[in-house]
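Student:
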Amino acid sequence: MPSSAPPLWISIATLMCAIAIVGTNALLLSPLVQTVGADLSASPTQVLWASSGYGLGVAAAALLIAPIGDRIGSGRLLRMALAVLTVGFVASALAPGLIALIAAQVLCGIAGGAALPSIYTMAAVIAPKGREARVVGAVITGWTLSLVLGVSLAAWSAEFLGWRMVYGALAALCALVWGLSAPLARLDAPGGATSSPLSALRVPGMGRGILASVGLMLSFYVTYSYTGAHATIDLGLSTGQAGLLPLIYGLGFGGAVLLDPLLDRIGMARATTPVFLALTLTYVAMGVLGASYPLFLALAVLWGIFQHFGLNLLVARLTALDPRQRGAIMGIYSTTTYLSVFAAPFVGGIGFATLGILGCVLISATLTMIAAVEALSLRRTTALSSSHAPHDVPDAPV
1 MPSSAPPLWI SIATLMCAIA IVGTNALLLS PLVQTVGADL SASPTQVLWA
51 SSGYGLGVAA AALLIAPIGD RIGSGRLLRM ALAVLTVGFV ASALAPGLIA
101 LIAAQVLCGI AGGAALPSIY TMAAVIAPKG REARVVGAVI TGWTLSLVLG
151 VSLAAWSAEF LGWRMVYGAL AALCALVWGL SAPLARLDAP GGATSSPLSA
201 LRVPGMGRGI LASVGLMLSF YVTYSYTGAH ATIDLGLSTG QAGLLPLIYG
251 LGFGGAVLLD PLLDRIGMAR ATTPVFLALT LTYVAMGVLG ASYPLFLALA
301 VLWGIFQHFG LNLLVARLTA LDPRQRGAIM GIYSTTTYLS VFAAPFVGGI
351 GFATLGILGC VLISATLTMI AAVEALSLRR TTALSSSHAP HDVPDAPV
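Pasting the structure below:
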């Protein structure tokens, strides 16, 4: 990084908080659905239309707006996205009715879809050579903050202060992160012409990168979407007990950051297949031992750890494909992720209706096994790419 760059830990903390804010908004309406519905005279299903609008906004912006970061710099695009997200939170807090809330959440989704690829890209930009996995791992821990702290604290606060104050607080926090992100805009130099999704799809290795993205993200959401139903319907537990699983998973995901230096030592190419195999075995174990909720929760820790490793390695892999088109590449990744979110209830529903949670985890295990097999040749392919790479293009983090 340039000599004028802020300390690395400040940049990491800024990006981590940005992810936490985006992630909190993505998960927030679910626990607030009844309170919001009562205030806006809408049913829970109608309130969740705002979540659907948010997801569609993210998917569209990640595909169409994120590539602009390759021209103006991802740091600059991130600041613009945070500014729009702040406006979206204010609009959500002031929404007089359901339609206004949906529109505000679509705006938040557009901002989030531009912000997430920029955050991942900036994580690669600020990472010192040889410490890529540690930096990316620390940044994506923001997802844990949103899962464990953000949503839980927001839901608790809504009982005392009201749901509108929650969105107001998110607006204030987002504005604060926007202010802290100013130095990041100077770290990522503009790259010339704006790339496009089509040009990014032509980058060597992108097709396989999308396959790996589907293997990691669709497998996660297929099982995660039905863990609550497994706990409450199959095991007859309370909603509160079912809520323990996201907490335990989040602690495993966040705690894995302490082990990220191992990934730097092992290398992306050598670590990817073992991590996906570990995920496969974890899914199978969850299906076999799913009748015991304590064991299911214990496996959720491992699930969080290996999912963290998988996401870390996937981001490192994609951002290394073509540093000049990182914005477009990570935009495609984010679009793939949110399409997986959309498809998971339908794909997982087939498995759950047939075999319960076992059906879901078998689908997830199949997806991660395919990804593990695909990654077997990654080391050889990465080595060949590095040997032919121009000297001004950073080597892949292996």
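Terminal number for the sequence shown in this note's numbering: 398, no gaps in between. Note that the Cβ used here is the ideal one computed from N, Cα and C, for glycine as well.
Once DSSP output is grouped into helix, strand and coil, what is the label at D260?
Tutor: Numbered from 1 along the sequence shown, position 260 holds the residue referred to as residue 260. In this structure, D260 counts as helix in the three-state DSSP scheme.
Student: Determine whether the beta carbon atoms of I357 and D234 lie at a separation below 8 Å.
Tutor: Indexing the sequence shown from 1 puts residue 357 at position 357. Indexing the sequence shown from 1 puts residue 234 at position 234. In contact: I357 and D234 (Cβ atoms closer than 8 Å).
Student: Which of helix, strand or coil does DSSP assign to Y226?
Tutor: In the sequence shown, the residue the question calls residue 226 occupies position 226. The answer is coil: DSSP assigns Y226 none of H, G, I, E or B.
Student: Just list the beta strand (DSSP E) runs in the region 249-304, keeping only unbroken ones of 3 residues or longer that don't cross its boundaries, in chain order.
Tutor: DSSP runs (the beta strand (DSSP E)) wholly in the region 249-304: none.
Student: Within 10 Å of its beta-carbon, does V132 have 16 or more other beta-carbons around it, so buried, or fewer, so exposed?
Tutor: Position 132 of the sequence shown holds residue 132. Before going on, a small fix: residue 132 reads as Glu here, not Val. Label assigned to E132: buried.
Student: CB S11 to CB L201, shorter than 8 Å?
Tutor: The residue you call residue 11 lines up with position 11 of the sequence shown. The residue you call residue 201 lines up with position 201 of the sequence shown. Contact flag unset, no.
Student: Would you kindly work out how many angstroms separate the C-alpha atoms of S74 and D260, rounded to a whole number?
Tutor: What you label residue 74 is simply residue 74 of the sequence shown in a count that begins at 1. What you label residue 260 is simply residue 260 of the sequence shown in a count that begins at 1. So the alpha carbons of these two residues sit roughly 24 Å apart.
Student: Report, in whole angstroms, the separation of the C-beta atoms of W143 and I19, which I expect to be a contact under 8 Å.
Tutor: Looking up residue 143 in the sequence shown gives position 143. Looking up residue 19 in the sequence shown gives position 19. Rounded to whole angstroms, the Cβ separation of W143 and I19 is 6 Å, and the two are in contact under 8 Å.
Student: Terminal residues of the continuous alpha helix (DSSP H) containing V148?
Tutor: Counting from one through the sequence shown, the residue named residue 148 turns up at place 148. Annotation for V148: no alpha helix (DSSP H) segment contains it, and DSSP assigns it neither H nor E.
Student: Is the Cβ-Cβ distance between V139 and M16 less than 8 Å?
Tutor: Translated into positions along the sequence shown, residue 139 becomes position 139. Translated into positions along the sequence shown, residue 16 becomes position 16. Yes, the pair counts as a contact, with Cβ atoms nearer than the cut-off.
Student: Taking the alpha-carbon positions, what's the H230 to F160 distance?
Tutor: In the sequence shown, counting from the first residue as 1, residue 230 sits at position 230. In the sequence shown, counting from the first residue as 1, residue 160 sits at position 160. Computed Cα separation, rounded: 31 Å.
Student: Among residues of its own chain, excluding the 5 on either side of R265, which ones have a beta-carbon nearer than 8 Å to its beta-carbon?
Tutor: Sequence index remark: in the sequence shown, residue 265 carries index 265 (1-based). Excluding positions up to five away in sequence, the list is empty.
Student: Quick one: what's got a C-beta closer than 6 Å to H391's C-beta in the same chain, skipping five residues either side?
Tutor: Along the sequence shown, read from residue 1 onward, the residue named residue 391 stands at position 391. Residue placement at H391 is poorly supported in this model, since its pLDDT is 32, which falls under 50; the coordinates are not used for a value here.
Student: Within 10 angstroms of the Cβ of W303, are there 16 or more other Cβ atoms? Answer buried if so, exposed if not.
Tutor: Walking along the sequence shown from the start, residue 303 turns up at place 303. The residue in question, W303, is buried, as its Cβ has 16 or more Cβ neighbours within 10 Å.
Student: I believe T282 touches L299 by the beta-carbon criterion, under 8 Å. Please report the beta-carbon distance rounded to the nearest angstrom.
Tutor: Position 282 of the sequence shown holds residue 282. Position 299 of the sequence shown holds residue 299. At roughly 6 Å, the Cβ-Cβ gap stays under 8 Å, so T282 and L299 are in contact.
Student: Quick check: P117 and G69, are their CB atoms within less than 8 Å of each other?
Tutor: Walking along the sequence shown from the start, residue 117 turns up at place 117. Walking along the sequence shown from the start, residue 69 turns up at place 69. For P117 and G69, yes; Cβs fall inside 8 Å.
Student: Taking the beta carbon of I99 as the centre, do at least 16 other beta carbons fall within 10 Å, making it buried, or is it exposed?
Tutor: Reading the sequence shown from its first residue, position 99 is the one you call residue 99. Exposed: under 16 other Cβ atoms inside 10 Å.
Student: What number of angstroms, rounded off, separates the C-alpha of Q105 from the C-alpha of L170?
Tutor: Here residue 105 refers to the residue found at position 105 of the sequence shown. Here residue 170 refers to the residue found at position 170 of the sequence shown. Going from the Cα of Q105 to the Cα of L170 covers about 13 Å.
Student: I'd like the list of long-range same chain contacts for S51, defined as Cβ closer than 6 Å, with 5 residues on each side in sequence excluded.
Tutor: In the sequence shown, residue 51 corresponds to position 51, counting from 1. Contacts found: L29.
Student: Taking all protein chains shown into account, decide if G93 is buried (16 or more other Cβ within 10 angstroms of its Cβ) or exposed.
Tutor: Working through the sequence shown from its first residue, we reach residue 93 at position 93. The displayed chain sequence assigns Ala, not Gly, to residue 93. Label assigned to A93: buried.
Student: If the criterion is Cβ atoms closer than 8 Å, does the pair L339 and A59 meet it?
Tutor: Your numbering for residue 339 matches position 339 in the sequence shown. Your numbering for residue 59 matches position 59 in the sequence shown. Contact flag set, yes.
Student: Give the C-beta separation of H308 and G150 to the nearest angstrom, bearing in mind that I take them to be a contact with Cβ-Cβ under 8 Å.
Tutor: Reading the sequence shown from its first residue, position 308 is the one you call residue 308. Reading the sequence shown from its first residue, position 150 is the one you call residue 150. About 17 Å separates the two Cβ atoms, so there is no contact after all.
Student: Can you find at least 3 beta carbon pairs, one from the region 285-300 and one from the region 245-255, that sit closer than 8 Å?
Tutor: yes
Student: Apart from the five residues just before and just after V203, which ones in its own chain have a Cβ nearer than 7 Å to its Cβ?
Tutor: What you label residue 203 is simply residue 203 of the sequence shown in a count that begins at 1. Answer for V203: L321, D322, Q325 and I329, listed in chain order.
Student: Looking at C-beta atoms only, is the number of pairs between the region 106-114 and the region 208-221 that lie closer than 8 Å three or more?
Tutor: no
Student: By how many angstroms is the C-alpha of F342 removed from the C-alpha of I102?
Tutor: Within the sequence shown, numbered from 1, the residue matching residue 102 stands at position 102. Within the sequence shown, numbered from 1, the residue matching residue 342 stands at position 342. For I102 and F342, the distance between alpha carbons rounds to 17 Å.
Student: What separation, rounded to the nearest whole angstrom, lies between the Cα atoms of T366 and A91?
Tutor: As a position in the sequence shown, residue 366 is number 366, starting the count at 1. As a position in the sequence shown, residue 91 is number 91, starting the count at 1. Note on geometry: alpha-carbon atoms of T366 and A91 lie some 42 Å from one another.
Student: Would you report the Cα separation of G179 and L82, rounded to the nearest angstrom?
Tutor: Here residue 179 refers to the residue found at position 179 when the sequence shown is read from its first residue. Here residue 82 refers to the residue found at position 82 when the sequence shown is read from its first residue. Their backbone Cα atoms lie some 9 Å apart in a straight line.
Student: Tell me the rounded alpha-carbon separation between T227 and I126.
Tutor: Here residue 227 is taken as the residue at index 227 of the sequence shown, counted from 1. Here residue 126 is taken as the residue at index 126 of the sequence shown, counted from 1. Their backbone Cα atoms lie some 36 Å apart in a straight line.
Student: Leaving aside the five residues before and after R164 along the sequence, list all residues of the same chain whose C-beta is less than 7 Å from its C-beta, in chain order.
Tutor: Taking the first residue of the sequence shown as 1, we reach residue 164 at position 164. Once the five neighbours on either side are set aside, the close Cβ partners of R164 are A93.
Student: Indicate the three-state DSSP secondary structure (helix, strand or coil) for P6 in the structure shown.
Tutor: Start at 1 with the first residue of the sequence shown, and residue 6 comes out as number 6. It is coil, neither helix nor strand.
Student: Compute the distance between the beta-carbons of S146 and T24, then report whether it is under 8 Å.
Tutor: One-based indexing of the sequence shown puts residue 146 at position 146. One-based indexing of the sequence shown puts residue 24 at position 24. Cβ atoms of S146 and T24: closer than 8 Å.
Student: Can G310 and L277 be called in contact, C-beta distance under 8 Å?
Tutor: In the sequence shown, residue 310 corresponds to position 310, counting from 1. In the sequence shown, residue 277 corresponds to position 277, counting from 1. No.
Student: Just how far apart, CA to CA, sit L173 and F89?
Tutor: Position 173 of the sequence shown, counted from the first residue, corresponds to residue 173. Position 89 of the sequence shown, counted from the first residue, corresponds to residue 89. Each residue's alpha carbon lies about 10 Å from the other.
Student: Within its chain, find whatever has a CB closer than 8 Å to the CB of F253; leave out the 5 residues flanking it on each side and keep chain order.
Tutor: Counting from one through the sequence shown, the residue named residue 253 turns up at place 253. Closer than 8 Å at the Cβ level, and outside the excluded window around F253, lie T141, W143, T144, L147, G304, I305, Q307 and H308.
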